[in-house]
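According to this note's numbering, the sequence shown holds residues 5 to 91 in order.
Backbone N, C-alpha and C fix where the C-beta goes; we use that ideal spot for every residue, glycine too.
Input: a single structure, listed below in structure tokens.
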Amino acid sequence: MEIKTIEKKRVASFLETTGNPFPTWKEMQQIRKERTSRYGFDPATESGTLSIGQLTNMIREAEQGPFYTLEDGKRMIRQWREQRQNR
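Here you go:
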């Protein structure tokens with residue numbers, strides 16, 4: 005399977021190095037900074053108005069993936085639950 009997008013490459017390299025599909029807090033902050041620099045604001049947490057062009061670009065990026073199979077999603081949720089229980 006060929007990985008085509010930057011995000012898929014980042015996730016794949018993260019999985020290879022840590023074996024964990026969930027990013028750390030520092031990685032989450034880095035992702036948020038990248039998103040803020042790309043759009044001018046963080047669309048996940050800040051309110052604001054989007055232009056049609058910004059919305060179109062966000063949709064195009066989302067269509068690139070990453071996409072997971074149902075089994076992958078269930079495995080990631082199971083790992084997340086185990087991590088929360090082991091705290």
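Exercise for the section: Return the chain-ordered list of same chain residues with a C-beta closer than 8 Å to the C-beta of residue 26, the five sequence neighbours on each side being excluded. Expected result: Within the sequence shown, numbered from 1, the residue matching residue 26 stands at position 22. Contacts found: 80, 83, 84 and 87.
Practice task
Whole angstroms is fine: what's the gap from residue 72's alpha carbon to residue 40's?
Solution key: Within the sequence shown, residue 72 is the residue found at index 68, counting from 1. Within the sequence shown, residue 40 is the residue found at index 36, counting from 1. Going from the Cα of residue 72 to the Cα of residue 40 covers about 25 Å.
Problem - Straight-line gap, residue 90 to residue 28 (C-alpha atoms, nearest Å) - result: Working through the sequence shown from its first residue, we reach residue 90 at position 86. Working through the sequence shown from its first residue, we reach residue 28 at position 24. Their backbone Cα atoms lie some 16 Å apart in a straight line.
Handout entry: Residue from 58, 74 and 31 with nearest C-alpha to residue 44
Key = As a working mapping, residue 44 is identified with position 40 in the sequence shown. Comparing Cα-Cα distances from residue 44 to each of 58, 74 and 31, the minimum goes to 58.
Practice task
Give the secondary structure of residue 60 by DSSP, where H, G and I count as helix, E and B as strand, and everything else as coil.
Solution key: To locate residue 60, count along the sequence shown from 1; it is residue 56. Helix at residue 60.
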